[in-house]
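Q: Have a look at the structure that comes next, please.
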Amino acid sequence: MLTSEERARGQRLGAMLRQARGDRSMVEVAALAGVPVETLRKIETGRIPTPAFFTIVALADAVGVSLPALATAVHGAAGPADGSAPSALSA
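Just so you know, we're using my numbering here: the sequence shown kicks off at 153 and counts up by one.
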């Protein structure tokens, strides 16, 4: 079961990807990333709060966001509170 912080982190990830997608359609970005449209929809809405690492990499590349920028947006400038690696990017 996910913690409330993990769910919140997933929502921040989805919001960041949605913002970075801009005017492009989900279909366009999902095709560019090589992921199903429904997967992108679920990530953007927070229904998949801990997507697979390679899915995040593909989507970040498709929308032109670097992994460090994505990690900062998801975890904040300080990163995870315990100092560990960003789990949203290593799940």
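Cβ coordinates follow ideal geometry from the N, Cα and C atoms, glycine included.
The alpha helix (DSSP H) with G216 in it runs from where to where?
A: Counting along the chain, G216 falls outside any alpha helix (DSSP H), and DSSP gives it neither H nor E.
Q: Hey, would you say G162 sits closer than 8 Å to T207, going by beta carbons?
A: No. Outside cutoff.
Q: Would you tell me roughly how many angstroms separate the C-alpha atoms of R164 and T224, rounded to the nearest one?
A: Distance between the alpha carbons of R164 and T224 is about 10 Å.
Q: So E190 and R170 are in contact, right, with Cβ under 8 Å, and what is the actual spacing, rounded?
A: About 15 Å; that fails the 8 Å criterion.
Q: Which residues bound the alpha helix (DSSP H) around M178?
A: It spans 178-185 - the alpha helix (DSSP H) in which M178 sits, taken as one unbroken run.
Q: According to DSSP, simplified to helix, strand and coil, what is M153?
A: In this structure, M153 counts as coil in the three-state DSSP scheme.
Q: So for A204, helix, strand or coil by DSSP?
A: Reduced to three states, the DSSP call for A204 is coil.
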